[in-house]
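Have a look at the structure below before the remarks.
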Amino acid sequence: MSESAIALAHQFEDLEQQHRAGWLGMWIFLATEVMFFGGMFAGYALYRTLYPAAFAEGSRQLEIAWGATNTLVLICSSLTMAMAVHQAEVGRRGRLIGYLVGTMALGVMFLGIKGIEYAHKFEHHLVPGSGFEFPAPFARNAQIFFSFYFAMTGMHALHMLVGLGLLTALLIRAWQNEFTPGHHAAVEITGLYWHFVDIVWIFLFPLLYLIERHR
Amino acid sequence: MNEHVIPPRLYVAIWAALVVLTLLTTGIAYVDLGLFNPIVALTIAVCKATLVVLFFMHVYYRTRLTWVFIAAGVLWLGLLIGFVLTDALSRGWILTPAPWTTAV
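Chains A and B, in that order, are what the protein sequence lines are.
The numbering used here numbers the first residue of the first sequence as 32 and each following residue consecutively.
The numbering used here numbers the first residue of the second sequence as 2 and each following residue consecutively.
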């Protein structure tokens, strides 16, 4: 049995058809992910419209430097992911492994910074619940902002953890020399997921950190 | 699948554009544009997302069928947010959020 015959699932005519089906399958999944995050974005839009001043006041409690740094970290991780897909396309195993490790390192860095921010919120009583403290008159409405903050960034961080798991699986397969120029669909399709998670953050950053900073 | 190897320098150019747009959106948040602050912020975010989708995610180079799924996602997201806001804004709730603003 040739290498390509092993890689080909029996329901497909050839590797190209299999690759295309996997590609479209991931896009369908990402469309459902848009709906999943969309519910939170719609809720956010509604409550920001209802309580604009409280959202602005809540947003000002976030460290803009950490948020911007994390945006840049994720953009860099998207570049290294795109480069990893490129190295898989041209069949350079060593560089593929290097870029996968780089992407994972940037992903871990993002979560580390997020952890520092979360710790800061706990210290300053900005976590919704009985311990929440915020100056009047926004004491209650700012809690809604921070509920969205934790729900959205928390769900995003969970997606980052899943992404790191998928990258670990890719790394093991790359290490075992499974990917060849004609057979690297898994790298490209995992890349789609990683870039999608980056896009979610691209919207979260201005929506959570950049409300009415000019005042 | 219609393999088209994209030169790495294009990825670097897209990355540079994304970095510039990130710095731009952060800087412009400190400028008072009134109602346009959130509009500008979201426009920049849409531009960044478009660059990621077209080039990092290879959509520009691949089968047009992909657009059906992207359009479906964007359309339904638009319907969701659009109708939620249309409903809320047309009920006169905005002027009377009393239970949440009077109590402290």
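Ideal placement from N, C-alpha and C gives every residue a C-beta, glycine not left out.
Being a predicted model, the structure only gives us computed values, none of them experimental.
Beta-carbon gap between residue i and residue j smaller than 8 Å
i             : j             : result
residue 235/A : residue 199/A : no
residue 78/B  : residue 69/A  : yes
residue 78/A  : residue 175/A : yes
residue 172/A : residue 141/A : no
residue 80/A  : residue 89/B  : yes
residue 64/A  : residue 148/A : no
Below-8 Å beta-carbon distance, residue i vs any chain A residue
i            : result
residue 57/B : yes
residue 62/B : no
residue 25/B : no
residue 70/B : yes
residue 74/B : yes
residue 36/B : no
Whole-angstrom distance between residue j and residue i, CA atom to CA atom
i             : j             : result
residue 62/B  : residue 166/A : 52 Å
residue 153/A : residue 124/A : 43 Å
residue 134/A : residue 110/A : 8 Å
residue 84/B  : residue 128/A : 46 Å
residue 11/B  : residue 67/B  : 21 Å
residue 86/A  : residue 159/A : 14 Å
Own chain residues within Cβ distance below 6 Å of residue i, not counting five before or after
i             : result
residue 221/A : 197, 201
residue 219/A : 116
residue 216/A : 50, 53
Interface flag, residue i vs chain B, CB-CB below 8 Å
i             : result
residue 237/A : yes
residue 191/A : no
residue 164/A : no
residue 65/A  : yes
residue 106/A : yes
residue 187/A : no
residue 245/A : yes
residue 121/A : yes
Spatial neighbours of residue i in its chain, beta-carbon cut-off 7 Å, leaving aside the 5 residues before and after
i             : result
residue 49/B  : 19, 22
residue 188/A : 142, 145
residue 88/A  : 169, 173
Give me the subset of the segment 45 to 58 of chain A whose CB atoms are less than 8 Å from a CB atom of chain B, sorted by chain position.
47, 50, 51, 54, 55, 58
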